[in-house]
Amino acid sequence: MRSTVLLLSAAILAVPVMSHAADIAPVLAPQPQPADPDKWTFSLSPYFWVAGITGDAGVFGLPEVHVDESFGDILSDLDFAFMAAGDARYDRFSIVTDITYVRVTTDSATPRGLLANEVDLKQETFAAMIGAGYAVIDEPQGRLDVIGGVKIWYMETTISFAGGPLDGVSGKDDATWVDAMAGLRGMYSITPSVYLTGWGLIGAGGADLDWDVMGGIGYKWNDAVSAVAGYRALGVNYSDDTLTNDIVEHGPILGVVFHF
């Protein structure tokens, strides 16, 4: 299920593709722009995250496929990906959201036990998080928010085996679940233009475990546009009677943040 983790990686990437998601480099990350207590301020951040993936995936009781994808592998297998995040803030209160969609197709995975010569995997993953935050620290130079929310996952995985004892065997399955998430996000200005940002979230629900961490550095070009570069890692462990997805995705993330 190399493709299953793939999208989580591209942005929950969809579990091999999962990517995603997220959640979000710039989206969950607060921006270096003091909120006006008398009005709402907003930010919108398209971003790109192509991460390596490691884990296991399986459908309909078929042997689990071990996924071990590098950044380059995922780029070559990625069919399509969309990632964007948003933030609305009023005084110390905020609303955050992050949406990712990834579709990955790969044919180089090999299941454990050498039960097949080749495994074809196609994975589509959609993840959307919406949450609310409150700034327990809100100073001109930095801010720390407590965040709570929910993340909705949808994943469709198709696995086909070729060669060996499982030659010609295939299976397709999908799953939808919701996880409750909670954690912290923060920002600290090093200079008027350069700032550090990051978050850490953990949760569970439909999945046994769902977590997401990111750390990065941003540059404020002006009051309307910022850029963020960092490193993000995300893990999800989900299983039901027919589908298993236990993967970790990690890699660099780049985003542009528009403030208005």
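Going by the working numbering, the first residue of the sequence shown is number -19, and it counts up by one from there. Heads up, the beta-carbon is just placed ideally off N, CA and C, and yes, glycines get one too. Since we're looking at a predicted model, the values are computed, not measured.
Quick check on residue i: does DSSP put it in helix, strand or coil?
{"i": "residue 159", "result": "strand"}
{"i": "residue 169", "result": "strand"}
{"i": "residue 18", "result": "coil"}
{"i": "residue 57", "result": "helix"}
{"i": "residue 222", "result": "coil"}
{"i": "residue 68", "result": "strand"}
{"i": "residue 121", "result": "coil"}
{"i": "residue 240", "result": "coil"}
{"i": "residue 112", "result": "strand"}
Alpha carbon to alpha carbon, how far is residue j from residue i? Give it in angstroms, no decimals.
{"i": "residue 239", "j": "residue 139", "result": "42 Å"}
{"i": "residue 158", "j": "residue 101", "result": "24 Å"}
{"i": "residue 34", "j": "residue 27", "result": "22 Å"}
{"i": "residue 156", "j": "residue 107", "result": "10 Å"}
{"i": "residue 218", "j": "residue 85", "result": "20 Å"}
{"i": "residue 198", "j": "residue 208", "result": "4 Å"}
{"i": "residue 110", "j": "residue 29", "result": "19 Å"}
{"i": "residue 115", "j": "residue 141", "result": "51 Å"}
{"i": "residue 216", "j": "residue 186", "result": "10 Å"}
{"i": "residue 222", "j": "residue 71", "result": "46 Å"}
{"i": "residue 133", "j": "residue 81", "result": "10 Å"}
What does a CB cutoff of less than 8 Å around residue i pick up in its chain, not counting 5 residues either side in sequence?
{"i": "residue 113", "result": "73, 74, 75, 76, 125, 126, 127, 128, 165"}
Less than 7 Å between C-beta atoms, sequence neighbours within five positions excluded: which residues of the same chain meet that for residue i?
{"i": "residue 195", "result": "178, 210, 211"}
{"i": "residue 68", "result": "20, 22, 74, 75"}
{"i": "residue 48", "result": "34"}
One question on the structure: do residue i and residue j come within less than 8 Å of each other, judged by their Cβ atoms?
{"i": "residue 214", "j": "residue 192", "result": "yes"}
{"i": "residue 37", "j": "residue 230", "result": "no"}
{"i": "residue 153", "j": "residue 171", "result": "no"}
{"i": "residue 181", "j": "residue 163", "result": "yes"}
{"i": "residue 167", "j": "residue 131", "result": "no"}
**OP:** Could I get the ranges of all uninterrupted beta strand (DSSP E) runs contained in the segment 166 to 217, with 3 residues as the minimum, in chain order?
**Re:** Counting only runs of 3 or more, we get 174 to 185, 189 to 200.
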